[in-house]
Amino acid sequence: MLKYHIIESGYFMGDGGVMFGAVPKKYWSAKYKTDENNMCVMSMRCLFIETESRRILIDNGLGNKHNNKLKFFQPHNTVDIRDEIRKIGYEPEEVTDVIISHLHFDHCGGSTILNDDNEAVPAYPNATYHVSLKQWNNYRKPSLFEKGSFFADNIEPVYDAGQLKFVLEDIQLDENIRLELYDGHTPGQIAVLFENEDGKYAFPGDVVPTSLNLQLSWLCAYDNSMVVAMEEKKRFMDKAKADNRTLIFYHDAYTTTGKF
Ligand SMILES: [Zn+2]
Numbered sequence: 014m015l016k017y018h019i020i021e022s023g024y025f026m027g028d029g030g031v032m033f034g035a036v037p038k039k040y041w042s043a044k045y046k047t048d049e050n051n052m053c054v055m056s057m058r059c060l061f062i063e064t065e066s067r068r069i070l071i072d073n074g075l076g077n078k079h080n081n082k083l084k085f086f087q088p089h090n091t092v093d094i095r096d097e098i099r100k101i102g103y104e105p106e107e108v109t110d111v112i113i114s115h116l117h118f119d120h121c122g123g124s125t126i127l128n129d130d131n132e133a134v135p136a137y138p139n140a141t142y143h144v145s146l147k148q149w150n151n152y153r154k155p156s157l158f159e160k161g162s163f164f165a166d167n168i169e170p171v172y173d174a175g176q177l178k179f180v181l182e183d184i185q186l187d188e189n190i191r192l193e194l195y196d197g198h199t200p201g202q203i204a205v206l207f208e209n210e211d212g213k214y215a216f217p218g219d220v221v222p223t224s225l226n227l228q229l230s231w232l233c234a235y236d237n238s239m240v241v242a243m244e245e246k247k248r249f250m251d252k253a254k255a256d257n258r259t260l261i262f263y264h265d266a267y268t269t270t271g272k273f
C-alpha cells in the first residue's frame, strides 16, 4: 500500500528572469504568467506519503520563522503543514520520516517550529529527517554564491536532537520508495521516486522545478552550476521517461504534475 497526498504549503514571488535563467523573457513569459514587476507566482508543493509502516513528509516549504527576512519574496497563502497532515488523519508526532530534497530555505523551513520560549525545535519530534551527506557538507561549508539560501535554525535543531540521518548514496528507502542524488542545482539534492498500483511518480525538487524546465536548456539562475545542472537533469529525465513517470513539480503554480 502506498498513498500519496499533495500539500500546497504556500506561494512566493520569484523574479522570472532568475527562475528561467538564460531563457529570453519573450519565450518564458509566453508560458508562465508574470506581473508588471517581472515577478512570477511560485508554489511550494510538498508531498505526504503513507505506507503500511511509514508516514513520510517530503519537503516542507518556507515555514513561518523568517517572514521578515523573506519580505522580498512576498510569501502568501502559506499553511501550517502540520494542520494539513492532521486533515489527512495523522498527528505530527506520527510522522516517521521527513525527506528534505535540499537545505535551501524554500524547501526546509517547516522542518522546525518555534516553541513557547521562541527556540526552534523539530516540528516532527519522532521523525527521522533525511538529508544527503553531500548536501549537509555543502551547507556547513557554503560557497559565497549559495550562503544566503541556508538558514541554520531550519536544520541545526534537528541535528542537535539526533534526528538527522545522512543519505550517502542512492538508496531504496522502502519497497516502493527510492531516493536518488543529483548535483547541479546544489550538491547531493534528493529526488524521490515512488510507485503504487496507479503508476510511477517522481518528486524531482529543483532538478526540474516547473513544467517549463522539462526543456533541457531551461535552467534557473539559482543553479550552482548550469553545466552540471543540465547534465544531471538529463540523467534524471532519461530515466523518468523510460519509466513513464509522472513528475510532481514543486515550484510550478499552474501545473501540478506532468509526463513526457
Ligand atoms: Zn526551490
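Numbering (this note's numbering), first residue to last: 14 to 273.
Quick reminder that beta carbons are idealized off the backbone N, C-alpha and C, glycines included.
Quick caveat, the model's predicted, so the values are computed rather than measured.
Here the alpha carbon of Gly34 sits roughly 35 Å from the alpha carbon of Val134. Within the DSSP secondary-structure output, Lys16 pairs in a beta bridge with Glu63. Secondary structure note for Glu208: its beta strand (DSSP E) is the uninterrupted segment 202-209. Distance from the CA atom of His264 to the CA atom of Gly175, rounded to whole angstroms, is 30 Å. Straight-line spacing of the CA atoms in Glu132 and Lys213 works out to 40 Å.
Membership of Tyr195 in the beta strand (DSSP E) is indicated by the continuous run 190-195. Closest in alpha carbon position to Val241, among Val220, Ile20, Leu260, is Val220. The region 103-118 makes contact with the region 63-71: 3 or more CB pairs, one atom from each, lie closer than 8 Å. Per the C-alpha coordinates, the member of Cys59, Leu116, Asn209, Gln87 positioned closest to Glu97 is Cys59. Membership of Tyr142 in any alpha helix (DSSP H) is not indicated; the residue belongs instead to the beta strand (DSSP E) covering 141-145.
At least 8 Å separates the beta-carbon of Thr268 from that of Thr259. Judged by the Cβ position, Pro222 qualifies as a neighbour of ligand 1 at the 7 Å threshold, a heavy atom of the ligand being closer than this. The three-state secondary structure of Ala215, taken from DSSP, is strand. In the DSSP assignment, Ile71 falls within the unbroken beta strand (DSSP E) covering 68-71. A heavy atom of ligand 1 is found nearer than 7 Å to the CB of His120.
Under the three-state reduction of DSSP, Gly122 is assigned to helix. For Lys160, no alpha helix (DSSP H) segment is defined, and its DSSP state is neither H nor E.
Separation of the CB atoms of Val144 and Ile113 is rounded to 5 Å, and the pair is thereby assigned contact status at 8 Å. In this chain, Val134 is not harboured by any alpha helix (DSSP H); it is covered by the beta strand (DSSP E) spanning 133-135. Phe262 carries a coil assignment under DSSP once its states are collapsed to helix, strand and coil. Taking a contact to require three or more Cβ pairs closer than 8 Å, the region 215-231 and the region 176-190 do not qualify as touching.
For His18, the shortest C-beta to heavy atom distance toward ligand 1 is 7 Å or greater. As a beta-bridge residue in DSSP terms, His89 pairs with Tyr24. Here Gly74 carries a coil assignment [DSSP, helix/strand/coil].
Looking only at Asn189, Thr109, Asn139, Gln148, the smallest Cα-Cα distance to Pro200 is reached by Gln148. Short note on Asp219: C-beta closer than 7 Å to some heavy atom of ligand 1.
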